Amino acid sequence: DAGVTQSPTHLIKTRGQHVTLRCSPISGHKSVSWYQQVLGQGPQFIFQYYEKEERGRGNFPDRFSARQFPNYSSELNVNALLLGDSALYLCASSLDALVGGNQPQHFGDGTRLSIL
Amino acid sequence: EDQVTQSPEALRLQEGESSSLNCSYTVSGLRGLFWYRQDPGKGPEFLFTLYSAGEEKEKERLKATLTKKESFLHITAPKPEDSATYLCAVISGGSYIPTFGRGTSLIVHP
């Protein structure tokens, strides 16, 4: 079975540009979460979507937005890119929403975003 | 605010030399604690979920335990292929948001 797939794997942008990252969850998983991981740190939560609705938002500026489609795939959009947005962006899927904490998340291998 | 602290930041072991990684947490009502393994250039790989103090789970050379304040990941007779960064994450009551620690980078020398 295919795991969580993310595209593109690598991306180079310049300051001020816009970027769209894509994620396809494991088949049957309805929840998708997005994380930012800076080198040497753990993943930091950005968004969670479940059944196409936002269910959680981390401490990120409004330049970050996301959506989930009827097939449960998801996009993360970042506007007005800053140098500090350079990071590994991870997508994770789970069967259900994270309520109750009993749903492990399964991660893709991420998109490495570099801002010049 | 939920907090997770992992120690040590880095650990170097000889093959066969058992050790433990620590994850200390401060949350308002723990709903779940997760351990992940992350290889360079890859996403985290799920290892274990623990829900209540006293719970233990095992997988091959790894054993995870949980108390009210911390979790340990015990590695018995490690092999070079166990080299990776090990991440701990918690979810607190009423929160959808997992909080991750910074991880422990483990290197096992042959």
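In order, the protein sequence lines correspond to chains D and E.
In this text, residue positions in the first sequence follow our numbering: the first is 1, and each later residue adds one.
In this text, residue positions in the second sequence follow our numbering: the first is 1001, and each later residue adds one.
Note that beta-carbon positions come from the ideal geometry of N, C-alpha and C, so glycine has one too.
Computed from a prediction, not measured in an experiment: that's the story for all the values here.
Beta carbon of residue i nearer than 7 Å to that of residue j
i         : j         : result
Lys1042/E : Phe1048/E : no
His1109/E : Gln1014/E : yes
Ile46/D   : Gly58/D   : yes
Leu1066/E : Tyr1086/E : no
Gln41/D   : Arg1102/E : yes
Gly110/D  : Tyr89/D   : yes
Span separating the alpha-carbon of residue i from that of residue j
i         : j         : result
Ala87/D   : Pro8/D    : 14 Å
Ser116/D  : Gly84/D   : A quick correction: the sequence has Leu, not Ser, at residue 116/D. Spanning the two alpha carbons is a distance of roughly 10 Å.
Ser73/D   : Gln105/D  : 15 Å
Gly1093/E : Thr1005/E : 19 Å
Lys1063/E : Pro1098/E : 21 Å
Phe1100/E : Trp1035/E : 10 Å
Gly1032/E : Ala80/D   : 36 Å
Val32/D   : Asp96/D   : 9 Å
Glu1055/E : Lys1068/E : 11 Å
Asp62/D   : Ile1107/E : 39 Å
Ser1105/E : Glu54/D   : 33 Å
Val1090/E : Phe60/D   : 19 Å
Tyr1025/E : Glu1001/E : 11 Å
Gly100/D  : Pro1040/E : With a pLDDT of only 49 at Gly100/D, under 50, the local geometry of the prediction cannot be trusted, and the value read off the model is given with reservation. For Gly100/D and Pro1040/E, the distance between alpha carbons rounds to 30 Å.
Leu11/D   : Gln37/D   : 15 Å
Gly28/D   : Phe69/D   : 14 Å
Leu39/D   : Lys52/D   : 30 Å
Ser1011/E : Ala1053/E : Here residue 1011/E turns out to be Leu, not Ser, going by the sequence shown. Distance between the alpha carbons of Leu1011/E and Ala1053/E: 26 Å.
Gln48/D   : Trp34/D   : 6 Å
Ser24/D   : Lys13/D   : 23 Å
Lys30/D   : Cys91/D   : 13 Å
Pro1044/E : Cys1088/E : 10 Å
Glu1081/E : Arg1061/E : 11 Å
Leu1021/E : Asn71/D   : 39 Å
Given residue i as reference, the closest of the options once Cα atoms are compared
i         : options                         : result
Arg67/D   : Gln37/D, Tyr50/D, Asn79/D       : Tyr50/D
Gln1003/E : Gln44/D, Glu54/D, Lys52/D       : Gln44/D
Lys1059/E : Phe1046/E, Asn1022/E, Cys1088/E : Phe1046/E
Same chain, Cβ closer than 6 Å to residue i, neighbours up to 5 away in sequence not counted
i         : result
Arg22/D   : Ser7, Glu75
Tyr1051/E : Gly1032
Closer than 6 Å: residue i CB and nearest the ligand GTP heavy atom
i         : result
Leu1013/E : The model depicted lacks the ligand GTP and carries no ligand whatsoever.
Nearest-angstrom Cβ-Cβ length linking residue i and residue j, presumed shorter than 8 Å
i         : j         : result
Asn77/D   : Ser65/D   : 5 Å
Ser1007/E : Ile1075/E : With 8 Å as the limit, Ser1007/E and Ile1075/E do not qualify as a contact, their Cβ atoms being about 15 Å apart.
Glu1017/E : Pro1078/E : 7 Å
Leu113/D  : Val19/D   : 6 Å
Ser1083/E : Cys1023/E : No, Ser1083/E and Cys1023/E are not in contact; Cβ-Cβ is about 19 Å, not under 8 Å.
Sequence-distant residues of the same chain with beta carbon closer than 8 Å to residue i, five excluded per side
i       : result
Ile26/D : Asp1, Ala2, Gly3, Val4, Ser93, His106
Nonlocal neighbours in the same chain, by C-beta distance under 7 Å from residue i, ignoring five residues either side
i         : result
Leu1030/E : Val1090, Ser1092
Val1027/E : Asp1002, Val1090, Ser1092
Arg15/D   : Leu81, Leu82, Leu83, Ile115
Gln17/D   : Leu81
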